[in-house]
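J.:
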Amino acid sequence: MSVILDKGVLDAILPPEQVDKDEVEEHADVVAMFNEVVRVLSFGGRYIVVSLAQLHVLRNFLAFFSKQGTGNNFMIRVQKIEQKTTLGAFHMPVFLLIATKLRVALPSNIFELAKSLEGKPERFDDISGLHNGVAAMQEFACFCHACETWLEHEINITMMDINGKPRYQIWIVDDPDKKSFTSYASFIVPLGREYEWMYSTEKGRLALRRECGKSRLAIVLFFREQIYESLTAVQGELSELILSFAPPSLRDHPIEFLSLGEVNVLKTRECGNSKISGKWTVEDVEVGGVRYRRLVFLSSSSVVQSEAKLIKSKKRKWVVDLDTLTCDHHEAMLTAFAFLPQRNLLDSSRGAQLKVAVLGLGGGLLASFLYRHFPTGTIVAVELDPDVVQIALRWFSLPDSDGRFTVLVQDALRFLNDMKGKAVIPFDIIFLDLAAADHEPGLSCPPREFLTSTALNAMYDILNANGVLALNLVARDDEILIASKNAVRSVFPRIYVHLSEEDVNQVLICPKGEVSLEQALDGIRVNKNQSWLTQLVTDLSSLTLDH
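The following block contains the structure:
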């Protein structure tokens with residue numbers, strides 16, 4: 002026989018396997034049927050199975066015709082069948098499992114996956130690649146089906162390139178107040194901005210959809226390891242894909258693509274791989290006509306570790322603006338100064354004798370800002386990763402160590418223990434801004450070990466009697482957030498909280514002394530020559546006492 006067509010028999014007679022089984026479970030009647038196919042099929046003939054290609058079916062088919070007793074005399078292809086879709090009905094993709102009998106045994110197996118009748122089949126060297134390809138098509142079908150109706154919550158899918166590496170992440174966001182669709186568009190996030198609040202958080206993406214004024218918005222994010230020729234090329238690559246996610250009532254409408262600019266970073270300054278922090282890159286980007294320099298850790302979900310504004314120097318070169326803090330949480334942490342007992346500290350800061358610890362250096366923007374604005378104060382910065390210190394020196398204008406500015410390359414916990422055991426002048430303020438390991442669920446900052454009673458008591462002990470702890474807390478789990486605050490409250494008598502509308506950061510201001518929020522506000526006199534004080538007053542006014 003030249004062709005044997007199985008229209009669903011294999012799917013019907015093959016019972017499902019246990020999900021956790023690694024080995025293929027043989028079934029006598031199925032093996033007997035396969036052996037009969039091998040016997041009666043002529044050379045060059047095809048055994049074609051119409052199937053949903055569920056895992057247990059595909060595993061049995063591939064296991065037999067690639068290895069078991071056939072001498073590798075078969076070439077295997079999985080072909081997706083084109084189907085007409087019916088509104089509201091979910092159709093799992095249907096495949097043809099094709100085994101072609103060869104006269105001469107192949108030196109190695111050939112596995113092909115054809116996603117359409119026109120396209121070139123994708124070839125794999127092993128069964129797992131074919132398995133993954135089929136599973137991806139099934140997942141895509143489920144995702145498209147979910148997009149046929151109104152979504153109560155956002156959903157996302159990651160599309161791979163031909164090498165199996167992530168190329169696009171697409172978020173589908175619907176208007177939560179309307180269950181009918183009147184408009185649909187795709188928003189392409191410029192490369193280098195994917196980690197901003199507007200694009201990296203659920204609240205941000207909801208706000209973006211609202212600003213775009215669309216019933217449904219498909220938000221497209223890029224991956225840094227990929228190359229994207231231009232915005233026009235990306236639109237051409239995505240147009241058919243984005244149409245698949247459109248509400249059924251709008252699929253006859255042209256897709257509207259929205260963006261803020263081209264899909265590239267202005268300039269990548271340096272890339273590297275730290276033993277502690279993993280892969281990183283320093284890049285210059287432009288946002289709203291303003292240039293910034295960013296340190297990004299690629300191994301930590303593309304987290305922006307540091308960001309600095311760039312300005313033109315007198316020599317017309319781009320330099321780091323050390324007088325501007327671009328991170329909202331850094332500005333909020335400065336409110337700690339208002340809780341120190343010196344009444345005129347802030348409006349006469351150039352004469353202030355302060356001792357400050359910054360735990361977590363990053364690009365050094367906060368430490369550099371303090372160094373410039375409190376020129377008689379003493380700043381001690383602690384950073385675990387020596388590579389990060391060198392990056393800060395090379396690209397973020399971190400000052401060299403001198404008599405009043407010191408960078409210690411060590412674990413901040415060890416620093417706390419060392420300071421506690423020494424007879425040293427206590428600190429006025431401790432700024433705790435340390436990122437947790439990427440694998441810590443629910444808590445991004447600080448690491449859990451800094452929220453233990455031992456660590457918190459060590460911080461309390463090395464502050465002077467009127468000292469203040471300013472802690473950057475980032476917790477995406479409400480229970481962890483509450484537990485973290487309770488841990489801090491068990492050591493520090495009062496906690497003032499600053500919330501950001503455009504971030505998940507919560508800044509905790511924890512004074513040891515008796516200065517109240519009202520007294521802190523009373524004691525500030527804004528100096529027009531120190532514009533940062535205006536923002537400090539705004540942040541101070543937004544603090545709330547956490548009970």
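With the first letter of the sequence shown counted as 1, position 332 gets the number 333 in the working numbering; the numbers rise by one all the way through.
Virtual Cβ for every residue (Gly too), placed ideally from N, Cα, C.
1) What did DSSP end up calling Ser542 once you bin it into helix, strand or coil?
2) Please report the distance separating the alpha-carbon of Val475 from that of His499.
3) What does the alpha-carbon distance come out to for the pair Leu355 and Phe493?
4) From Arg225, Arg124, Lys310, pick the residue whose C-alpha is nearest to that of Thr269; which is it?
5) In chain order, what residues of the same chain have a beta carbon less than 7 Å from the beta carbon of Asn133, not counting five sequence neighbours either side?
6) From this set, Ser117, Lys102, Ala54, Asn61, which residue's C-alpha is nearest Phe96's C-alpha?
7) Return the bridge partner residues of Tyr196 from the DSSP annotation.
8) Around the C-beta of Phe65, are 16 or more other C-beta atoms found within 10 angstroms, so that it is buried, or is it exposed?
9) When the Cα of Ser402 is compared with those of Met420, Asp419, Thr379, Asp434, which residue comes out closest?
10) Sort Leu118, Glu123, Gly404 by Cα distance to Phe112 and report the nearest one.
11) Is it true that the segment 509–516 meets the segment 465–473, where meeting means three or more beta-carbon pairs spaced less than 8 Å apart?
12) Tell me the residue span of the beta strand (DSSP E) that contains His499.
13) Have a look at Ala13 and Val31 and give me their C-alpha separation to the nearest angstrom.
14) Return the CA-CA distance between Trp151 and Lys179, expressed in angstroms with no decimal places.
15) Spell out a yes or no on whether the segment 270–280 and the segment 202–218 are touching, meaning 3 or more CB-CB pairs, one atom from each, closer than 8 Å.
16) Pick out whichever of Val408, Gln227, Thr407 has its Cα sitting closest to the Cα of Pro167.
17) Can you tell me which of the three DSSP states Leu560 falls into?
18) Can you list, in chain order, the residues of its chain with a C-beta nearer than 8 Å to that of Tyr200? Leave out the 5 residues immediately preceding and following it.
19) Do you know how far the Cα of Gln170 is from the Cα of Arg40?
20) Extract the residue ranges of the beta strand (DSSP E) inside the segment 107–181, only unbroken runs of 3 or more that lie entirely within it.
21) Please report the straight-line C-alpha distance between Val264 and Tyr196, rounded to a whole angstrom.
22) So, under 8 Å CB-CB, Lys215 and Ala186 are touching, yes? Tell me the CB distance rounded to an integer number of Å.
T.: Here's the rundown:
1) helix
2) 12 Å
3) 21 Å
4) Arg225
5) none
6) Ala54
7) In DSSP, Tyr196 forms no bridge with anything.
8) buried
9) Thr379
10) Glu123
11) yes
12) 497–500
13) 11 Å
14) 8 Å
15) no
16) Gln227
17) No information on residue 560 is available, as it lies outside the stretch 2 to 548 that the chain covers here.
18) Val190, Arg194, Arg206, Leu209, Ile220, Leu222
19) 47 Å
20) 112–115, 123–125, 156–161, 167–175
21) Bear in mind that a pLDDT of 45 at Val264, under 50, signals an unreliable position, so the number given afterwards is only what the model happens to contain. Their backbone Cα atoms lie some 14 Å apart in a straight line.
22) 5 Å
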